[in-house]
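To start, the structure under review is shown below, and the notes come after it.
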Amino acid sequence: MAQIEQISEYQASMIVDDDEKSHDSGSDCSKSVVSDRFEVFTRMRLVRLEEDSIEHEFTKKMFAVGMESNGVDAKVVAVHKNLHSGWTRRARCETFLIFQKAVAQKCGGNANIGYGWYGGSRDEICDILLHGFSGCRAAGSHGVGIQLFANNYSFDGAISSDTDENGLRHMLLCRVILGKRELVPAGSNQVNPSSKEFDSGVDSLVNPKRFIIWSSFMNSHIMPLFVVSFKAPANLKDIPRSIQASAAAVRPPPKSAWVNLTAMMNALAKVLPPPRMVLLSKSADDFRAKKITRPQLIRRVRTLAGDKLLVSVVKNFNKERE
Numbered sequence: 001m002a003q004i005e006q007i008s009e010y011q012a013s014m015i016v017d018d019d020e021k022s023h024d025s026g027s028d029c030s031k032s033v034v035s036d037r038f039e040v041f042t043r044m045r046l047v048r049l050e051e052d053s054i055e056h057e058f059t060k061k062m063f064a065v066g067m068e069s070n071g072v073d074a075k076v077v078a079v080h081k082n083l084h085s086g087w088t089r090r091a092r093c094e095t096f097l098i099f100q101k102a103v104a105q106k107c108g109g110n111a112n113i114g115y116g117w118y119g120g121s122r123d124e125i126c127d128i129l130l131h132g133f134s135g136c137r138a139a140g141s142h143g144v145g146i147q148l149f150a151n152n153y154s155f156d157g158a159i160s161s162d163t164d165e166n167g168l169r170h171m172l173l174c175r176v177i178l179g180k181r182e183l184v185p186a187g188s189n190q191v192n193p194s195s196k197e198f199d200s201g202v203d204s205l206v207n208p209k210r211f212i213i214w215s216s217f218m219n220s221h222i223m224p225l226f227v228v229s230f231k232a233p234a235n236l237k238d239i240p241r242s243i244q245a246s247a248a249a250v251r252p253p254p255k256s257a258w259v260n261l262t263a264m265m266n267a268l269a270k271v272l273p274p275p276r277m278v279l280l281s282k283s284a285d286d287f288r289a290k291k292i293t294r295p296q297l298i299r300r301v302r303t304l305a306g307d308k309l310l311v312s313v314v315k316n317f318n319k320e321r322e
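Reading the sequence shown from the start, the letters are residues 1 to 322 in full-length UniProt numbering.
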């Protein structure tokens, strides 16, 4: 996964047939009788990642953070990579890269790329991979747009997933062009950026959990990278949120040069390659489990991220709080 430019490194062989020649419509996902629980993804030319690959480990780790923080026992069964094969998917990939450059120029060189989780039924996931996003869900708690959840909030994305006939749920892990973000409050009916200055919406400028991509940008600012198939409790939507609420209630107020661990990891995940994020995530877990001290954690973070990047993260964090 590493850098976003690698998305454009297409496979050696050109796929002559368009996506729609192999799949007349997204409904093909549900009409066909599959002998293998992942055959539908294989037919769509997705590649199942080996469990010991860096991409699989990175994705699984990111998934686990959001689940474990809510006390949910969920297990990743498979991760399939979107190779962007076929003319239409390839075109959408190129469109994403073009808009990434355009937004970067507009925002002073930084397109503000992040990871976002999107949960749905298997059929909906297939439709999105084949044809792109086609519309916004009826009820959005923060404006009307495609709503994805930040990398450490996989649980929130999973709530929108449905169980298939094999007892599996599925989510998309996407790269998202956020650009300059604006705050979209809960209950808002906003459907477009409030001005040309903004590119996306968030539920918090300090530590966003929810990304809102407006319908006009839904197929240019979102690039599905992986399909994560997992097993989770049947009552996923009914799991109480008291654990997270309690943690937020007792969290100490930030000081001028303080950044909470989750916010720091979210910020670093936008710019660091997956191998370093895997090591950083492990260090964060060790600290939470009291296996290492705060000074030890700080030394590891400085080694993996570098002082220059960390200073930038702290400055941006404090600037957004002002």
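All C-beta atoms in this analysis are idealised placements derived from N, C-alpha and C, irrespective of residue type, glycine included.
Check this for me: beta carbons of Cys93 and Gly179, under 7 Å apart or not?
no
Within the same chain, show all residues whose beta-carbon is closer than 8 Å to that of Asn189, passing over the 5 residues directly before and after it, in chain order.
Gly143 and Val144
If you drop the 5 nearest sequence neighbours on each side, which residues of the same chain put their C-beta closer than 6 Å to that of Gly116?
Leu148, Cys174, Val176 and Phe211
So if DSSP puts Pro224 in a beta bridge, which residue, or which two residues, is it bridged to?
Cys174
Since Met44 contacts Phe133 with CB under 8 Å, what's their CB separation in whole angstroms?
Contact doesn't hold; Cβ gap of about 16 Å is too wide.
By DSSP's criteria, Val79 is part of a beta bridge. Which residues make up the other side?
Val228
Rounding to the nearest angstrom, what Cα-Cα distance links Leu272 and Phe96 in this structure?
20 Å
Just to confirm the assignment, what range does the alpha helix (DSSP H) spanning Ile298 have?
Arg294 to Ala305
Per the contact definition of three or more C-beta pairs closer than 8 Å, is the region 66-81 in contact with the region 291-304?
no
How big is the Cα-Cα spacing for Lys101 and His221?
11 Å
So, for Ser194: in the same chain, excluding its five sequence neighbours on each side, which residues have a beta-carbon less than 8 Å away from its beta-carbon?
Glu182
Nearest-angstrom Cα separation, counted from Ile146 out to Leu215:
The sequence shown places Ser at residue 215, rather than the Leu named in the question. If I take the Cα positions, the gap works out to 7 Å.
Cα separation between Glu51 and Gly114?
23 Å
Spatial distance of Ala111 from Asp199 (CA atoms)
10 Å
Jot down the residue ranges of each uninterrupted alpha helix (DSSP H) in the region 56-141, minimum 4 residues, whole runs only, in chain order.
87-106 and 122-131
Going along the chain, which residues of its own chain have a beta-carbon closer than 7 Å to the beta-carbon of Ser160, five neighbours each way excluded?
Gly119 and Gly120
Between Lys60, Glu39 and Pro208, which has its C-alpha nearest Leu172's C-alpha?
Lys60
Alpha carbons only, please: which of Arg37, Val40, His56 and Glu39 is nearest the one belonging to Leu225?
His56
First and last residue of the uninterrupted beta strand (DSSP E) at Glu182
Arg181 to Leu183
So Lys231 and Lys75 are in contact, right, with Cβ under 8 Å, and what is the actual spacing, rounded?
5 Å
Ordered along the chain, which non-local residues of its own chain (more than five positions away) have a Cβ less than 7 Å from that of Met223?
Ile7, Cys93, Phe96, Cys174 and Arg175
Pairwise C-alpha distance: Val65 and residue 398
Residue 398 lies beyond the stretch modelled for the chain, which goes from 1 to 322, so this question has no answer here.
Can you tell me which of the three DSSP states Phe41 falls into?
helix
Where does Val313 fall in DSSP's three states?
helix
Where does Asp164 land, buried or exposed, given buried means 16+ other C-beta within 10 angstroms?
buried
Which word fits Glu124, buried or exposed, when buried means at least 16 other C-beta atoms lie within 10 angstroms of its C-beta?
buried
With a threshold of 16 other CB atoms inside 10 Å of the CB of Ser27, please say whether the residue is buried or exposed.
Only weak support exists for where Ser27 lies, its pLDDT of 43 falling under 50; the value from the coordinates is given anyway. Counting Cβ neighbours within 10 Å, Ser27 comes out exposed, since fewer than 16 surround it.
If you measure between the beta carbons of Phe38 and Val278, is that distance less than 7 Å?
no
Determine the DSSP secondary structure at Ser154, reduced to helix, strand or coil.
helix
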